[in-house]
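Sequential numbering of the sequence shown, starting at -19, is according to my numbering.
Glycine included, every Cβ here is placed at the ideal spot set by N, Cα and C.
These notes are about the structure you will find just below.
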Amino acid sequence: MRVRYLRLYYAPMQSSTSSRILFIVYEYPPSAGGGGQRITKFTRYLTAAGWSLHVLTAELVPGRPTDNSLLAEVAGVPVTKLPARHVAAAIARMLKPLRFARPMVAGTVAAGASAGSGVSGGQRPLSSRISRWLAVPDDALFWSKRVPAVAKRLHAEHGFSAILASGPPYSTLVAAVRAGRELGLPVVVDMRDPWVGNLHAKWPTAWHQRRFAELEREVMTAAAGVTAVSDVIAEECIEMGASGAIVIPNGFDPTDMPRWAPVEDAPLKLAFLGQFSPRLSDPSDIFVALARAREIEPRLQHATIDVLGAESPWAIEAAEQAGVADAVTFHGFKPYAEALAAVSSADAGLLILPDGPGSAGVYSGKLFDYLGMGIPVLLYGPAKGAAGKLVAGANAGLVVPFGDVDAMVRTLCELAVAKAEHRAVTAPDADVLAPFDRTKQVATLSAEIERVVRGADAR
């Protein structure tokens, strides 16, 4: 396998090549949708490294959360926006008068799907199920059709040296390599999730599945450079035709991180950053475990779970069925800094990752927020997955195997006792966590862009 791993100080931040880059993404600040922090930090620190970026993106997708505080980090970067033309959202608007469609819920996006293809109440909205028949690879398909022509116009005006694109939506990456082919520009693609290996990419027919895979192969064989958030995704990229791949995981920006400061002499408090999803982060087992642990450990009688994300009716029902509805509070979507501040006062950051095909390479962005502020991570997920290995290897938290409710009961009791005794449950290894500093990661990305630009110039 031709997988290269990010190493600390892989390259200097400052580019030695003065170049203009076209950065193609579907969601961009103030959108707080999929990959928002990664895209924001790429923009901020590539600009600091000397690259001149022009962003080509979509207008805000209806129903997606926004965070205006992100705009300050990308101030001064020129942006061209095209109508989002989100397929599932358009179908939902057409179905709404008929009262057949479930409303799209902001934030319920499958890890490898495009925005709006998420689930609500345990079932995909009708609009998303219909769009699966119409839009391959994802709901950004019709937006992406306009990207090559607009990229051509922008290139004539600005003279780009390369194209950088991040996905999903995978349509973004397809559009980028097609634009690059037409303009004779090298393309670096950033893979935030698996493509054909995505656990949640389910298609109605074999033709849809084949087409989905064909598009990934088109992207990987055309890309001059590939980055991926995990080794599993990087290996998939190479299997699908990439000449190599660099692993640049998600991370944290130390300048964003509040200091972890749990409230002493208070009941145990867990915090969950984001929105629960029945397929991606089902808290039902956690609620059952808390109910059982309350019967064993008196210090858990007033334990709480703060959810820094939108309400999920099905999750509220799960808490009620478990008998812990009094312990769970949904605070709604909060701007990034405000959400981090709220999490920093908890005793542990909760992370839920299902164990199944495609889950081995999943980290979840919230993991790095927890690591960045130093709060102990309580991971309910695969111990041998990427997230489990990182948490254990960095001594940054506790890992409970997904499905082992008994182990979660014991762990909750242990956390309550440790808090009462003012005893630390973790001692994070700074050396293990150092490569997840966003500035170091973008230095690696900058070096890769410079490599492909120099390669193109040599030809």
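- Using a 10 angstroms sphere on the CB of D409, the tally of other CB atoms stays under 16, which defines it as exposed.
- Excluding sequence positions up to five before and after Y343, its CB lies within less than 8 Å of the CB of V209, S210, P229, N230, A366, A367, L370, all in the same chain and listed in chain order.
- With contacts defined by Cβ atoms closer than 9 Å, V67 and A120 form a contacting pair.
- Around the CB of K61, fewer than 16 other CB atoms lie within 10 Å, so the residue is classed as exposed.
- Bounds of any alpha helix (DSSP H) do not take in T60; it lies within the beta strand (DSSP E) bounded by 59 to 62.
- Cβ atoms of F310 and E291 come within 8 Å of each other, at about 4 Å.
- The three-state reading of DSSP puts K364 in coil, since its state is none of H, G, I, E or B.
- Under the three-state reduction of DSSP, F256 is assigned to coil, being neither helix nor strand.
- With a beta-carbon spacing of about 6 Å, V167 and A204 fall inside the 8 Å limit used to define contacts.
- For V57 against L33, the beta-carbon gap comes to about 5 Å, under 8 Å, which counts as contact.
- For the alpha helix (DSSP H) assignment, the uninterrupted runs of no fewer than 4 residues enclosed by the segment 158 to 209 are, from N- to C-terminal side, 186 to 202.
- Sixteen is the threshold: when 16 or more other Cβ atoms of the shown chains lie within 10 Å of the Cβ of D47, as they do, the residue is buried.
- G147: member of the beta strand (DSSP E) spanning 142 to 147, first to last residue.
- Between the beta-carbon of I332 and that of G361 there is about 7 Å, and that keeps the pair under the 8 Å contact cut.
- The residue among A326, G345, A70 with its C-alpha nearest the C-alpha of K399 is A326.
- With respect to the C-alpha of G289, the residue from P263, R274, G254, D306 having the closest C-alpha is G254.
- Taking every protein chain shown into account, the CB of T152 has 16 or more other CB atoms within 10 angstroms, so this residue is buried.
- In this structure, V212 lies near P174, with their beta-carbon atoms less than 9 Å apart.
- Contact between E162 and P128 holds: their C-beta atoms lie close to 6 Å from each other, under 8 Å.
- Going by C-alpha positions, H135 is about 37 Å away from M237.
- In the DSSP assignment, F232 forms a beta bridge with D417.
- Beta-bridge annotation (DSSP): F310 is paired with V287.
- The bridge partners DSSP lists for P381 are G361.
- Taking 9 Å as the cut-off, the Cβ atoms of L114 and F22 do not count as close.
- Selection S261, R279, I276 evaluated against W294 yields S261 as nearest (Cα-Cα).
- For T37, the secondary structure class from DSSP, reduced to helix, strand or coil, is strand.
- Residue pairing by DSSP places S261 opposite S257 in a beta bridge.
- By DSSP's assignment, R0 forms a beta bridge with S32.
- Less than 9 Å separates the beta-carbon of F313 from that of P45.
- Across the structure, A328 and R109 are spaced so that their CA atoms are roughly 36 Å apart.
- Fewer than three Cβ pairs drawn from the segment 334 to 353 and the segment 188 to 205 lie within less than 8 Å of each other, which leaves the two stretches out of contact.
- In this structure, D118 lies away from S146, with their beta-carbon atoms at least 9 Å apart.
- With a contact defined as Cβ atoms closer than 8 Å, V304 and L270 qualify at about 5 Å.
- Assigned with DSSP and collapsed to three states, S151 falls in helix.
- The Cβ atoms of E7 and T27 do not sit closer than 9 Å to each other.
- Boundaries of the beta strand (DSSP E) harbouring I226: 225 to 227, taken from the DSSP string.
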